[in-house]
Amino acid sequence: MNFADIESEHNYRWQITHSNSVILNETLVINTAARFPAINPFGMNPGAIKTDIMSGVLGQSSLPQRMQEILVGLLFQSAETYAEKVAPLLVYRALEDRSGSLFNRNVQPIEPNPWLKSDSHLGRVVEVAEALSA
């Protein structure tokens with residue numbers, strides 16, 4: 399994680415930008431659960447989903463973008479399929495006892511990024527996130 403360019407303003411590489419957003423989202427869930435135990439937040443990591451999000455990188459309707467969309471469509475679920483899976487989780491009472499949990503594309507519990515298990519890393523990401531929202 400490049401703390402100096404967390405928003406990829408100086409050096410945009412979609413892989414790094416995506417990884418930063420995953421770490422920031424996991425941090426938000428973990429930190430919120432620790433700071434506000436009455437809220438019971440949980441996080442979702444759906445993985446790749448068929449959308450046109452890469453059109454900005456690969457070019458709208460370009461051959462690489464269309465090929466990527468076909469490949470992702472064949473290998474991964476659509477946003478609609480994911481929504482059908484995750485909707486029941488939103489009202490699942492057992493989550494009350496699992497504050498701060500993270501779930502994968504099949505709505506199965508997953509562990510946070512191992513890098514975040516270090517208090518110094520988690521604390522630094524929280525500082526950066528709070529600075530972004532100030």
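The working numbering numbers the first residue of the sequence shown as 399 and each following residue consecutively.
For every residue, glycine included, the Cβ atom is placed at its ideal position computed from N, Cα and C.
Please read these numbers as outputs of a predicted model, since none were measured by experiment.
Next item on the list: Measure the beta-carbon distance from residue 500 to residue 418 and round it to whole angstroms, keeping in mind my assumption that it falls under 8 Å.
Entry: Residue 500 to residue 418, Cβ: 16 Å. No contact.
Next item on the list: Inspect the beta-carbon positions of residue 470 and residue 448 and report whether they are closer than 7 Å.
Entry: Their beta carbons are under 7 Å apart, which means residue 470 touches residue 448 by this criterion.
Checklist line | beta strand (DSSP E) runs wholly inside the stretch 469 to 504, at least 3 long, in chain order | finding: Within the stretch 469 to 504, no complete beta strand (DSSP E) segment of 3 residues or longer occurs.
Notebook entry, point to check: If you follow the alpha helix (DSSP H) that residue 416 is part of, which residue opens it and which one closes it?
Noted result: 412 to 433
Next item on the list: Take residue 536 and list the residues in its own chain whose beta-carbon comes closer than 6 Å to its own, dropping the five residues that flank it on each side.
Entry: Only positions 399 to 532 of the chain appear in the structure, and residue 536 is not among them; the question remains open.
Margin query: Is the beta carbon of residue 523 closer than 7 Å to that of residue 425?
Written below: yes
Checklist line | Range covered by the alpha helix (DSSP H) that runs through residue 529 | finding: Per DSSP, the continuous alpha helix (DSSP H) segment holding residue 529 begins and ends at 517 to 531.
Next item on the list: Would you identify the three-state DSSP class for residue 510, choosing helix, strand or coil?
Entry: coil
Next item on the list: Report the option in 403, 513, 521 and 497 whose CA atom is closest to the CA atom of residue 507.
Entry: 497
Next item on the list: Assign residue 511 to buried or exposed, taking buried as 16 or more other Cβ atoms, counted over all protein chains shown, within 10 Å of its Cβ.
Entry: Around the beta-carbon of residue 511, 16 or more other beta-carbon atoms lie within 10 Å, marking it buried.
Checklist line | Per DSSP, the bridge partner or partners of residue 442 | finding: 501
Notebook entry, point to check: Which value, in whole angstroms, describes the spacing of the CA atoms of residue 528 and residue 429?
Noted result: Straight across, the Cα-Cα distance linking residue 528 with residue 429 is about 11 Å.
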